[in-house]
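Student:
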């Protein structure tokens with residue numbers, strides 16, 4: 040029974056830094072691509088046996104220290120009343136633009152409406168059999184709201200920001216519904232067996248610090264407060280959010296995940312050393328050469344040793360073009376003890 | 040003769056905060072769209088009379104405090120030996136991936152190879168006749184190199200980062216060529232009549248602080264040192280670079296442009312109050328309502344008053360969907376004197 044990851048989350052003693060990889064069940068793995076030949080992305084999400092199968096693939100292949108449910112942060116939008124397709128990026132229809140659109144959104148009971156998520160978790164807990172803890176996940180309220188308003192990926196976030204600045208009351212109503220939905224959705228994941236929860240705030244980084252404080256942080260806090268009583272470690276990961284670290288101090292999780300932009304020692308200092316840190320190797324390093332991977336990974340380890348705790352990860356999801364041999368080189372580098380001068 | 044902008048760049052007394060708008064000559068203007076009906080984007084770039092015409096449009100319509108040459112940061116890649124088309128995003132062919140590709144790149148004399156840029160500047164200086172100063176611009180070396188390696192816009196920058204991490208010697212050779220090319224290209228703009236130069240580092244923000252220090256900053260410094268003797272104000276604008284401000288202190292310009300992510304007072308403090316600041320209203324604010332535009336603009340002004348100097352601008356280029364009436368509301372708000380309590 041490996042609980043290295045959970046112990047690290049809780050700042051308990053660990054014999055080495057645990058490692059898992061964002062998007063570890065994904066297209067860089069031949070065994071994943073093989074499953075995807077038979078099943079589209081949506082089918083994979085909604086078929087517990089298949090979702091469990093691909094979740095396990097990287098855990099079995101690499102012996103990673105945590106499994107993360109194969110799913111998508113947008114799963115809760117369908118029970119809210121918005122259709123979701125992937126082509127290949129997500130398309131949400133209809134986009135939520137007006138007050139009436141927001142009022143029409145449902146605040147669902149997820150166990151009734153997306154039972155496949157919870158069934159996947161139950162299967163995985165049986166099949167993992169203690170080999171590695173299982174992480175559940177979902178979006179942060181602002182990120183879910185941004186997708187609902189934009190209807191798809193975007194660079195400028197015109198529609199959601201137009202709402203934040205031009206009709207803040209409607210934005211707050213939307214964020215309130217998103218926060219309640221996500222609190223229920225994630226709490227049910229814990230009750231089905233998820234042993235930690237990661238909250239992805241993929242788009243928080245497009246907000247100014249002031250807008251984050253008004254529209255993102257309070258709703259995130261509602262979710263983390265709702266989950267706190269469940270007793271599992273909580274992780275918050277906001278991409279490209281270096282300018283928000285002073286606000287993130289109040290996010291209410293145990294662990295903060297970081298992209299590659301700042302060294303972990305600097306991030307920890309801006310977070311007042313209140314969090315275990317997770318990260319933060321640039322995923323593009325895995326596209327270089329094994330010597331560089333090993334060197335850069337050891338620098339991340341040395342930086343992580345200056346935080347209250349460290350879980351090794353990439354700074355963003357692993358890229359589909361990553362060679363598997365480079366993942367092996369990374370895992371080797373993280374598991375070898377640090378040389379004396381860097382520790 | 041309005042030299043408000045130039046005086047602000049030089050920290051000389053100004054009677055009010057000057058304002059210009061990134062991408063002010065662009066698709067949000069009906070008179071620009073009309074020119075584009077007759078001429079494709081590349082034709083517009085390369086036809087001095089047309090480039091001058093669209094450059095003047097927003098200066099005439101709004102009485103802005105600076106004109107910025109209508110051009111594209113990728114103009115120098117063609118004389119380097121790489122073809123450039125827009126469809127609608129830029130496509131560079133062939134992409135520069137190997138050592139041999141980098142060695143093959145030319146380091147051109149821009150006045151011979153892109154004479155249209157300099158002719159546009161000469162026409163504009165005559166036609167502006169002192170109504171507003173003319174800003175020239177180009178890319179920073181890292182951003183130019185990133186485009187050369189990727190060959191197009193990208194989210195992950197796999198190829199250029201693969202080179203930085205996996206073959207740094209080749210990356211340094213490429214950056215050296217980019218820095219020499221850009222130094223010549225921008226110096227020639229000043230000699231043709233540009234009265235200030237803005238250096239756009241559109242992609243610097245994807246680099247870690249460590250990678251920025253190794254691969255971006257030293258080459259940027261070569262360009263700013265080469266331009267320093269020309270005696271015109273220099274502006275550095277890196278998008279999404281909040282994590283790099285401590286490094287940017289050494290960039291060697293008079294003015295630093297900022298996106299909307301941090302309040303100007305905080306950015307100025309991280310820059311040790313060494314720079315006049317330019318920015319930083321979120322362009323999406325212009326998609327909301329006039330009351331919000333006015334309120335947010337005044338907050339930016341109040342923040343800017345805490346820096347050593349302030350030039351009002353957006354935090355990124357104006358969006359094509361921006362209503363012209365909202366631009367007018369913005370300019371009004373910036374030109375009305377600040378109420379007592381905010382000054």
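Chains as they are written, first to last, in the working numbering: chain A, 40 to 382; chain B, 40 to 382.
Every residue gets a Cβ at the ideal spot worked out from N, C-alpha and C, and that includes glycine.
(1) Within a Cβ cutoff of 7 angstroms, which residues of the same chain sit near residue 265 of chain B, ignoring the five residues on either side of it in sequence?
(2) Just checking: is the beta-carbon of residue 302 of chain B within a distance shorter than 9 angstroms of some beta-carbon in chain A?
(3) With a threshold of 9 angstroms between beta carbons, is residue 382 of chain A in contact with chain B?
(4) List the residues of chain B whose Cβ lies closer than 7 angstroms to the Cβ of residue 331 of chain A, in chain order.
(5) Quick check on residue 65 of chain B - is its C-beta less than 9 angstroms from some C-beta in chain A?
(6) Check whether the Cβ of residue 242 of chain A lies closer than 9 angstroms to any Cβ atom in chain B.
(7) Per DSSP, residue 21 of chain B is paired with what?
(8) Using a 10 Å radius around the Cβ and a threshold of 16 neighbouring Cβ atoms, would you call residue 51 of chain B buried or exposed?
(9) Once DSSP output is grouped into helix, strand and coil, what is the label at residue 234 of chain A?
(10) Using the Cα positions of residue 158 of chain B and residue 87 of chain B, report the straight-line distance between them to the nearest angstrom.
(11) Note the first and the last residue of the continuous beta strand (DSSP E) segment covering residue 274 of chain B.
(12) Would you kindly work out how many angstroms separate the C-alpha atoms of residue 91 of chain A and residue 374 of chain A, rounded to a whole number?
(13) Is it the case that the CB of residue 72 of chain A approaches a heavy atom of the ligand COA more closely than 8 angstroms?
(14) Rounded to the nearest angstrom, how far is the Cβ of residue 281 of chain B from that of residue 281 of chain A, given a contact under 8 angstroms?
(15) Leaving out five residues on either side along the sequence, give the residues of the same chain with a beta carbon under 6 angstroms from the beta carbon of residue 198 of chain A.
(16) Residue 363 of chain B: buried (16+ other C-beta within 10 angstroms of its C-beta) or exposed?
(17) Taking residue 132 of chain B as part of the alpha helix (DSSP H), name the residues at either end of that continuous run.
(18) Using a Cβ-Cβ distance under 9 angstroms, would residue 328 of chain B count as near chain A?
(19) Would you be able to state if there are at least three C-beta pairs under 8 angstroms between the stretch 65-74 of chain A and the stretch 335-354 of chain A?
(20) Please classify residue 44 of chain B as buried or exposed, where buried requires at least 16 other C-beta atoms within 10 Å of its C-beta.
(21) Listed in chain order, which residues of the stretch 267-285 of chain A have Cβ atoms closer than 7 angstroms to some Cβ of chain B?
(22) Between residue 363 of chain B and chain A, is any beta-carbon pair separated by less than 9 angstroms?
(23) Can you give the Cα-Cα distance for residue 275 of chain A and residue 283 of chain A, rounded to whole angstroms?
(24) In terms of alpha-carbon separation, which member of B:254, B:41 and B:153 lies closest to residue 113 of chain B?
(25) Tell me which residue opens and which closes the alpha helix (DSSP H) that residue 268 of chain B is part of.
(26) Could you pull the DSSP bridge partners for residue 220 of chain A from this structure?
(27) Buried or exposed for residue 270 of chain A, going by 16 or more other Cβ atoms inside 10 Å?
(28) Give the interface partners of residue 324 of chain B over in chain A, defined as CB-CB distance under 7 angstroms, in chain order.
(29) By how many angstroms is the C-alpha of residue 192 of chain B removed from the C-alpha of residue 95 of chain A?
(30) Answer with yes or no whether the minimum CB distance from residue 200 of chain A to chain B is below 9 angstroms.
Tutor: Answer, in terms of the structure:
(1) 222 and 226
(2) yes
(3) Here the model assigns residue 382 of chain A a pLDDT of 42, short of 50, so the residue's position is not dependable, and the following value carries that caveat. So, not an interface residue.
(4) 204 and 205
(5) no
(6) no
(7) This structure leaves residue 21 of chain B out entirely; chain B is present only between 40 and 382.
(8) exposed
(9) coil
(10) 6 angstroms
(11) 273-277
(12) 26 angstroms
(13) Among the ligands in the structure shown, none appear at all, so the ligand COA cannot be discussed.
(14) 5 angstroms
(15) 188 and 189
(16) exposed
(17) Residue 132 of chain B -> not in any alpha helix (DSSP H); beta strand (DSSP E) instead, spanning 129-132.
(18) yes
(19) no
(20) buried
(21) 279, 281 and 282
(22) no
(23) 12 angstroms
(24) B:153
(25) From DSSP, residue 268 of chain B is part of no alpha helix (DSSP H); its letter is neither H nor E.
(26) None, per the DSSP bridge assignment.
(27) exposed
(28) 204
(29) 34 angstroms
(30) yes
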